[in-house]
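Enquirer: In this note's numbering, the protein residues as written are 163 to 1027.
The structure that follows is given in the form of structure tokens.
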RNA sequence: GCCGAAGUGGCGGAACUGGCAGACGCGACGGUCUCAAACACCGUUGAGGGCAACCUCGUCCGGGUUCAAAUCCCGGCUUCGGCACCA
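Quick look at the structure:
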């Protein structure tokens, strides 16, 4: 770690307090953030400046929420990147007169704590709480205005008991249920929700291990009930990409459900219904075989005795496969025939039935009609197994062309062919008519299918919320009565190694008496997915110690939905979707009255390591902010993170530019404390710019300050922090040019400094406070915090231009610039322009055809051909 | 393969609704201050040509629309993110 530069060599530094009016050319005290920042942080805390009075209704409320961190141990620069602009928004909105609530907490349950516990032989709680301690300190070093009184830690029984309480309400309402099904299983994490399995290679979102399939009885939340409602983002101010991702994830498909029946043969009477879902009922006449998923319940029944051995072997193999082996579309199709046939309801044709793993048990009905002429996958399968391929949709003139690949396109002029009485109809209409016709005797119905699945919330591990149910041999599943909540995690944990849920080994936890019959019973040992915790934490912030329910309903009523949420886009189809689902479930059990949790969402980009890779300890590319704080101070880091680029973009971390904003803060320090000083290194320092008199300089200064105020105000509102910082730098550079001149003693100078500090306050709160305090002291005024000030008003007259420079083009090429009074008429401007030598030279004797005044006089283009 | 976002100097990036391309910063180069170094400050910095005034070219590539295109349209390339046989 590098020490701050040469601090010891400057013996005349004062510690605190304003300087008396310094004579010119006296060396002023250096800007030393390490001396200033902790002092103000302590002072703000003492004054409770960021504590929100939630009952205060005198000002407009503003609930600003940022995704709470996982207590991994260290805050890294990525956390700063999320939280710095969020804090700036909070401070800005407070200055706008809003009652801002900016809470913080910790997403404290989860696997890393257990891994650490196993590795170090300590309790997960110990590890978690020690990390939280350190992270609190680090978060405080940012100078962020979090309301720590509202802190929520999800592993606290005071929090998770309400997970349990909400679960019981969902259970009562039929929104939580237990079912046996094939689930995704991670060797480290146990079961996973669908959203938590990532990539083509099917790996666990958290640990990266390859996910397997298991057939288990698990707890689910019935979120598919909300599929259609979740597609409606009406009234929400969310980024389009997130809405698109959620929409795709929900995956609504319209089509028809068609009933095929099995054909009788010598071994069985037939007549079993085989339902399929299709988005292409228009291709029904082209179905030349059927495929069932290996897990389809009718597979055993429909297997011909001669085929039994082969089919069973195939089904077993498919079940044992990890999903990795079912890699992508590249993989060659496999499958086996059942040896029985089905009857196509539209034409009575007998078609063979196969079982193949390219059909998913979990989507639609787990069975398909295969139309090789019009589906790529069916085509591949048919080609491999030598099955017939029959074209039933064609553009005019292509009816008899050979089918050498699946034709899936949907052009307007396509008609049905080879489709009996429906031949000749446009494809779309034909499909509708076929469904209508079959529907008359119940052999089809219009249907909608979703990709979204119910949320699997069971986890086989210790460090999570125990699911509050009891399994009784006599009574079945019995909910834990409300008055017995919380079901506490036992203090002692016996890890028998990783992959074992310690709760299953804890006899005193497992063995209970049934609350209903009093007989012996077993407690549920699964715990909840930690995404449950993060699905309602922002409600808890509003009344973190409330004991009569998950939250104080009055507070929720007045403060939510959240006005602004900030966090990463990596949660697009996880946390951000769960939170919406959970909100709708809470609404349906009557604990809240709203439909959506977050009114406005902003996704900041991700900070990568210097190598462009994701920052992680294992990559060794993590930037430690503590070191940077010591070196440059929190304000410089905050500004630099905002200045790097657009907030939604992120990018690789590189510290090379940080010196630039540090220099900027030094200049602010200099112009605020030593306006009369001059730069020995600059011969022109202390002189007015050439061609400018004092009156002109005063106007220019005032203009610069108010112009900046106008622009910066808009930039804070629009989250354009990078240009906001650029404009503050520009203003400071302008002021620097007037330092040491007579103008630096004028009221315009004073006003400009005042505005600069106020504009800087949300972004760099410490230096703004320090300089503000010194100015107050120098003026003999009583101290008050800059963060309690109101945002200044723009003087539009001062901000307006007196003259403006107009670029002049001839035939679209820039040839000249003219400076004209701001209010000049187009006619006058045209005369000025045409009189210019350069314009005449460019015209070379031609008469202008026309003169275009663009964008309200922003530019003039003289056209001559 | 499908969906989404984006390609601008040596680098991060700026540019309102089609109107001066490169704000602001970094880096580099030159200078001032200093015994010296560091710090700080000032200046130059898209490419090419010219002594200069200036000229030409230039926003991923190729076309197009327009008085005017980084911005709009058509076609293509590349990078990043999401999805993964969803019938």
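Glycine included, every Cβ here is placed at the ideal spot set by N, Cα and C.
Counting pairs of Cβ atoms below 8 Å between the stretch 916 to 930 and the stretch 862 to 880, do you hit three or more?
Expert: yes
Enquirer: Would you tell me roughly how many angstroms separate the C-alpha atoms of residue 778 and residue 812, rounded to the nearest one?
Expert: 16 Å
Enquirer: Return the CA-CA distance between residue 706 and residue 349, expressed in angstroms with no decimal places.
Expert: One C-alpha to the other measures close to 35 Å.
Enquirer: Identify whether residue 955 lies in helix, strand or coil by the three-state DSSP scheme.
Expert: coil
Enquirer: Report yes if the CB atom of residue 463 is closer than 8 Å to the CB atom of residue 434, and no otherwise.
Expert: yes
Enquirer: Give the C-beta separation of residue 624 and residue 672 to the nearest angstrom, bearing in mind that I take them to be a contact with Cβ-Cβ under 8 Å.
Expert: Not quite, the Cβ-Cβ distance comes to about 13 Å (not below 8 Å), so this is no contact.
Enquirer: For the alpha helix (DSSP H) that contains residue 329, what are its first and last residues?
Expert: 319 to 334
Enquirer: Anyone know if the C-beta pair for residue 981 and residue 967 falls short of 8 Å?
Expert: yes
Enquirer: Starting from the N-terminal side, write out each stretch of the alpha helix (DSSP H) that is 4 residues or longer and does not extend beyond the stretch 734 to 808.
Expert: 737 to 750, 787 to 794 and 796 to 805
Enquirer: In angstroms with no decimal places, state the Cα-to-Cα distance between residue 781 and residue 775.
Expert: 8 Å
Enquirer: Would you mind stating whether residue 238 and residue 787 have Cβ atoms separated by less than 8 Å?
Expert: yes
Enquirer: Helix, strand or coil for residue 1040 per DSSP?
Expert: Look at the range of the chain in this structure, 163 to 1027, and you will see that residue 1040 is not part of it.
Enquirer: Under 8 Å Cβ to Cβ from residue 890, same chain only, skipping five residues before and after it: list those, please.
Expert: 826, 870, 874, 918, 921, 922 and 925
Enquirer: Rounded to whole angstroms, what's the CA-CA distance from residue 145 to residue 260? Just pull it up for me.
Expert: Nothing about residue 145 can be read from this structure; the chain reaches only from 163 to 1027.
Enquirer: According to DSSP, what are the bridge partners of residue 415?
Expert: 611
Enquirer: Just curious, the beta strand (DSSP E) that residue 513 is in, first and last residue?
Expert: First-last of the beta strand (DSSP E) with residue 513: 512 to 517.
Enquirer: Let me make sure I understand the geometry here. Which of 679, 699, 658 and 631 has the alpha-carbon closest to that of residue 685?
Expert: 631
Enquirer: Helix, strand or coil for residue 632, going by three-state DSSP, please let me know.
Expert: strand
Enquirer: Given a threshold of 16 other Cβ atoms within 10 Å of its Cβ, counted over all protein chains shown, does residue 1068 qualify as buried or as exposed?
Expert: Since the first residue of the chain shown is 163 and the last is 1027, residue 1068 is not available in this structure.
Enquirer: Tell me which same chain residues have a C-beta within less than 7 Å of the C-beta of residue 285, skipping the five on either side of it?
Expert: 279 and 655
Enquirer: By DSSP, does residue 942 sit in helix, in strand, or in coil?
Expert: In the structure shown, the three-state DSSP call for residue 942 is coil.
Enquirer: Check for me: the beta strand (DSSP E) holding residue 726 runs from which residue to which?
Expert: 724 to 730
Enquirer: Tell me, to the nearest whole angstrom, how far the beta carbon of residue 616 is from that of residue 384; I am working on the premise that it is less than 8 Å.
Expert: 6 Å
Enquirer: Please determine if the stretch 716 to 723 and the stretch 290 to 303 are in contact, where contact requires at least 3 C-beta pairs separated by less than 8 Å.
Expert: Proximity of the stretch 716 to 723 to the stretch 290 to 303 falls short of the contact definition, fewer than three beta-carbon pairs being nearer than 8 Å.
Enquirer: Report back the beta-carbon spacing between residue 652 and residue 322 to the nearest angstrom; my notes put them in contact at under 8 Å.
Expert: At roughly 14 Å, the Cβ-Cβ gap does not stay under 8 Å, so residue 652 and residue 322 are not in contact.
Enquirer: By alpha-carbon positions, which one of 993, 937 and 1022 ends up nearest to residue 976?
Expert: Checking every option, the nearest Cα to that of residue 976 belongs to 1022.
Enquirer: Give the range of the alpha helix (DSSP H) segment to which residue 993 is assigned.
Expert: 988 to 996
Enquirer: Name, in chain order, the residues that DSSP records as bridge partners for residue 689.
Expert: 621 and 628
Enquirer: Report the three-state DSSP secondary structure of residue 882 (helix, strand or coil).
Expert: coil
Enquirer: Would residue 454 and residue 568 qualify as a contact pair, given that the criterion is a beta-carbon distance under 8 Å?
Expert: no
Enquirer: With DSSP as the reference, please indicate the residues paired to residue 928 in a beta bridge.
Expert: Bridge partners of residue 928: none, in fact.
Enquirer: Between which two residues does the beta strand (DSSP E) harbouring residue 948 extend?
Expert: Segment: none, residue 948 is in no beta strand (DSSP E) and carries neither H nor E.
Enquirer: From residue 902 to residue 941, what does the alpha carbon distance come to, in whole angstroms?
Expert: 20 Å
Enquirer: Under the DSSP definition of a beta bridge, which residues are partnered with residue 366?
Expert: 359
Enquirer: Which residues does DSSP pair with residue 531 in a beta bridge?
Expert: 452
Enquirer: Where does the unbroken beta strand (DSSP E) through residue 501 begin, and where does it stop?
Expert: 498 to 505
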